[in-house]
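For the sequence shown, the UniProt record's numbering gives the first residue as 1, with consecutive numbering after it. All C-beta atoms, glycine included, are put in the ideal place defined by N, C-alpha and C. Predicted model only: the values in this text are computed from it and were never measured. First comes the structure, then the notes that go with it.
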Amino acid sequence: MGSVMPTDTCYGGLILPISPSIGYQTSAFGCSYGHGESLGSAHFCMFSPKTSSTNGCSMKARVSSRSLRCKISTCSEKGRSKNRRKGTRDMVDAILKPEVIGGNGVARWEEQHSFNPNGSKISNEIVSNGSVSGGYWGNMDDSESNEVVRRLVRNGQLPEALTVLENMAGNGEMPDIIPCTSLIRGFCKMGQTKKATKVLEIIEGSGAVPDVITYNILISGYCKSGEVENALKVLDRMSCAPDVVTYNTILRSLCDKGRLKQAMDVLDYMLHKECFPDVITYTILIEATCKESGVAEAMKLLDEMRRRGCKPDVVTYNVLINGICKEGRLEEAIKFLNDMGSYGCQPNVITHNIILRSLCSTGRWVDAEKLLADMVEKGCGPSVVTFNILINFLCRKGLLGRAINILEKMPEYGCTPNSLSYNPLLHGFCKEKKMERAIEYLDIMVSRGCYPDIVTYNTLLTALCKNGKVDVAVDVLRELGNKGCSPVLITYNTVIDGLAKIGDTKQAIELLDEMLARGLHPDVITYSSLVAGLSREGKVDEAINFFSEMEDRGIKPNAITYNSLILGLCKAHKTASAIDVLAYMVSRGCIPTEATYNILIEGLAHEGEVKEALKLLNELSSRGVVKRSTAQHAAVQM
Numbered sequence: 001m002g003s004v005m006p007t008d009t010c011y012g013g014l015i016l017p018i019s020p021s022i023g024y025q026t027s028a029f030g031c032s033y034g035h036g037e038s039l040g041s042a043h044f045c046m047f048s049p050k051t052s053s054t055n056g057c058s059m060k061a062r063v064s065s066r067s068l069r070c071k072i073s074t075c076s077e078k079g080r081s082k083n084r085r086k087g088t089r090d091m092v093d094a095i096l097k098p099e100v101i102g103g104n105g106v107a108r109w110e111e112q113h114s115f116n117p118n119g120s121k122i123s124n125e126i127v128s129n130g131s132v133s134g135g136y137w138g139n140m141d142d143s144e145s146n147e148v149v150r151r152l153v154r155n156g157q158l159p160e161a162l163t164v165l166e167n168m169a170g171n172g173e174m175p176d177i178i179p180c181t182s183l184i185r186g187f188c189k190m191g192q193t194k195k196a197t198k199v200l201e202i203i204e205g206s207g208a209v210p211d212v213i214t215y216n217i218l219i220s221g222y223c224k225s226g227e228v229e230n231a232l233k234v235l236d237r238m239s240c241a242p243d244v245v246t247y248n249t250i251l252r253s254l255c256d257k258g259r260l261k262q263a264m265d266v267l268d269y270m271l272h273k274e275c276f277p278d279v280i281t282y283t284i285l286i287e288a289t290c291k292e293s294g295v296a297e298a299m300k301l302l303d304e305m306r307r308r309g310c311k312p313d314v315v316t317y318n319v320l321i322n323g324i325c326k327e328g329r330l331e332e333a334i335k336f337l338n339d340m341g342s343y344g345c346q347p348n349v350i351t352h353n354i355i356l357r358s359l360c361s362t363g364r365w366v367d368a369e370k371l372l373a374d375m376v377e378k379g380c381g382p383s384v385v386t387f388n389i390l391i392n393f394l395c396r397k398g399l400l401g402r403a404i405n406i407l408e409k410m411p412e413y414g415c416t417p418n419s420l421s422y423n424p425l426l427h428g429f430c431k432e433k434k435m436e437r438a439i440e441y442l443d444i445m446v447s448r449g450c451y452p453d454i455v456t457y458n459t460l461l462t463a464l465c466k467n468g469k470v471d472v473a474v475d476v477l478r479e480l481g482n483k484g485c486s487p488v489l490i491t492y493n494t495v496i497d498g499l500a501k502i503g504d505t506k507q508a509i510e511l512l513d514e515m516l517a518r519g520l521h522p523d524v525i526t527y528s529s530l531v532a533g534l535s536r537e538g539k540v541d542e543a544i545n546f547f548s549e550m551e552d553r554g555i556k557p558n559a560i561t562y563n564s565l566i567l568g569l570c571k572a573h574k575t576a577s578a579i580d581v582l583a584y585m586v587s588r589g590c591i592p593t594e595a596t597y598n599i600l601i602e603g604l605a606h607e608g609e610v611k612e613a614l615k616l617l618n619e620l621s622s623r624g625v626v627k628r629s630t631a632q633h634a635a636v637q638m
């Protein structure tokens, strides 16, 4: 483990990444410097007379520094001061070089991928107890070979089964359709459609005749893999008549891809081949038509469906009602719902939920309550989804009390609340900064046997940290394992960032070690939180150390990460070193932002180099790197 060099000599091994999605208070000088997009704006209040000393490194270096030997000069800052005026001018001139201001530094990242496929060979034994044996097939007849294939497929040894099948083809043996169909199904489930097609080719080449089930399985496999063109090719080569399942599978895939016109062509081909569409066929096409051409065109298909003697079912009507609602014609949708009985089809709970969701989204709460009452009166019991729609709506409106009443009534209708029932309440309490109530309902949720998912916990942890209750967030994080939920990377990142922002980087580092022990890999956000926090605390040595560690892990810093470290160096009166970091930043292909230059300008001014700071500011402003308004504001501050 390498050690971090003292701050008054050299910052060797500077290795610093971060996502713009995370906000950082990078200034410890009484202003917020860097929170999302605000990093692009200048803040000229960050260098106040508050502390600007650099604390010594309080921990051993975690990693040896490599790859970045940022030339933060080998000479001491004290030595530099002998000819500071000339040195500062040289540094400013260096910043103004085109390759720095408009820098397109090149960072080459090489990834080596090695692939060692484990080829499986069939042993020289006869299949016994489901294991492969018998590399020599000459003494086996068709039935024995087919039994080998059957057992291999049953044991999940699909590549071996294909090898046996290929040997059978070479020996002129006739494969059995049933195990071959199972083999095709197995390959399709694994997404290996080429091997599945190879099986079909062997069947066809042997003189055996695949049945429609065999073809349907392969077509379904292609469609699930998004290879609808290959599915159509299989349709063309079928040696038996396709059935309605064949066509429905292809129609679904085409419609899912937005290829309605081609789907209608397949419908025409289907009718030409005298394979008559069923309710599923038309429902697929009606749904796609609603999305692509509108409900009016979909109604024409409904009429055609009826003319052909195909009776729509509740799913068909639900698709149409959903389409009508999405077009904003809620009254028509309600009328359609009320008329369904006259069409010989009773609406179900999904039908009512579609209308209910639209009523809530348009703010018609009274009508939503009435619809719920009508459902119960008609004997159509509400589902968990029904109640969740209502709870979600009420929570979005801030009516948490009414949402709780709905939640508590759910058991009366035979419905048990799930995590989606509680999540809106937790979100609502967090939004209103009622963290105690959020924790209370989290405990109620668990006590009722409903364990929150990690999304719920992440929402709560984020709110706790934003509201300054980081200590509570740490406690909640510690309890996750006891509540049947394992923390993920974003869970740790949220709390680590919260701790770093309140100056508790020691505990943040402990959480980093904990997540590493759990086998979780830190990312740019993890390390950037620590770099920003340590820089804010004036612990530049440790910030550099973690910067080095993140690069050693192959995590690339971004502008916000660099800005945090540059700010820390400027606070410590290490402006020359900060400029070295800028040079390294550019060499690594990270383009400096306006905030980067603003930090350096104020750093120069903070060290008494006002003339050089103004020169740099004016030059950058004239080149459009720093806004004119920024320059004017900065000049006033100086």
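Of the candidates Asp-256, Gly-191, Val-164, Ala-241, the residue whose Cα lies closest to the Cα of Phe-276 is Ala-241. Under the DSSP assignment, Gly-381 falls outside any alpha helix (DSSP H); it carries neither an H nor an E label.
Taken through DSSP and simplified to helix, strand or coil, Cys-223 comes out as helix. Here the C-alpha atom of Glu-229 lies approximately 15 Å from the C-alpha atom of Tyr-215. With respect to the 8 Å criterion, Leu-565 and Ile-544 are classified as neighbours on the basis of their beta carbons.
The beta-carbon separation of Ala-208 and Pro-175, rounded to 6 Å, stays under the 8 Å limit for a contact. Following the DSSP letters along the chain, one finds Gly-568 inside the alpha helix (DSSP H) bounded by residues 559-571. Taking every protein chain shown into account, the CB of Tyr-343 has fewer than 16 other CB atoms within 10 angstroms, so this residue is exposed. Bounds of the alpha helix (DSSP H) holding Phe-187 are 177-189. Assignment of Glu-274 by DSSP, reduced to helix, strand and coil, places it in the coil class. By the C-beta criterion, the stretch 498-518 is judged not to be in contact with the stretch 555-562, since fewer than 3 inter-stretch pairs fall below 8 Å. Taking all protein chains in view, the Cβ of Leu-271 is surrounded by fewer than 16 other Cβ atoms within 10 Å, so the residue is classified as exposed. With a 10 Å radius around the Cβ and a threshold of 16 neighbouring Cβ atoms, Lys-189 comes out exposed. In the structure shown, the three-state DSSP call for Gln-507 is helix. Between the alpha carbons of Ala-231 and Glu-287 lies a gap of roughly 22 Å. The beta carbon of Asn-353 is closer than 8 Å to those of Ser-383, Val-385, Thr-386, Ile-389 in its chain, skipping five residues each way along the sequence. Taking a C-beta distance under 8 Å as the contact criterion, Ala-559 and Thr-593 qualify as a contact pair. In chain order, Pro-175, Ile-202, Gly-205, Ser-206 place their CB closer than 8 Å to the CB of Ala-169, counting only its own chain and leaving out the 5 sequence neighbours on each side. Unbroken alpha helix (DSSP H) stretches of 4 residues or longer found wholly inside the stretch 198-273: 212-224, 228-237, 244-256, 260-272, given in chain order. Rounded to whole angstroms, the separation of the alpha carbons of Met-238 and Pro-159 is 25 Å.
In this structure, DSSP gives Thr-416 a state outside helix and strand, which the three-state scheme calls coil.
In this structure, the beta-carbon distance from Pro-347 to Leu-356 does not fall below 8 Å. Leu-200 sits away from Val-149, with the two beta carbons spaced by 8 Å or more. Given a length threshold of 3 residues, the stretch 460-495 has no whole run of the beta strand (DSSP E) inside it. Apart from the 5 residues on each side of it in sequence, Ser-358 sits with its Cβ closer than 8 Å to the Cβ of Cys-325, Leu-330, Ala-333 in its chain, given in chain order. With respect to Pro-452, Leu-464 sits apart: the two C-beta atoms are not nearer than 8 Å. Looking at Gly-221, Ile-284, Val-279, the one whose alpha-carbon comes closest to that of Leu-251 is Ile-284.
When secondary structure is reduced to three states using DSSP, Met-174 falls in the coil class, being assigned neither helix nor strand.
It is roughly 42 Å from the alpha-carbon of Lys-257 to the alpha-carbon of Arg-448. Taking 8 Å as the upper bound for CB-CB distance, Gly-498 and Gly-538 are not in contact here, some 20 Å apart.
The beta carbon of Thr-494 sits closer than 8 Å to the beta carbons of Asn-458, Leu-461, Thr-462, Cys-465, Ala-473 from its chain, once the five residues preceding and following it are set aside; these are given in chain order. Less than 8 Å divides the Cβ of Cys-395 from the Cβ of Gly-428.
The Cβ-Cβ distance between Thr-456 and Leu-477 does not fall below 8 Å. Residue environment analysis places Arg-536 among the buried positions, since at least 16 neighbouring C-beta atoms fall within 10 angstroms of its C-beta.
Taking C-alpha positions only, Asp-243 is separated from Thr-281 by approximately 12 Å.
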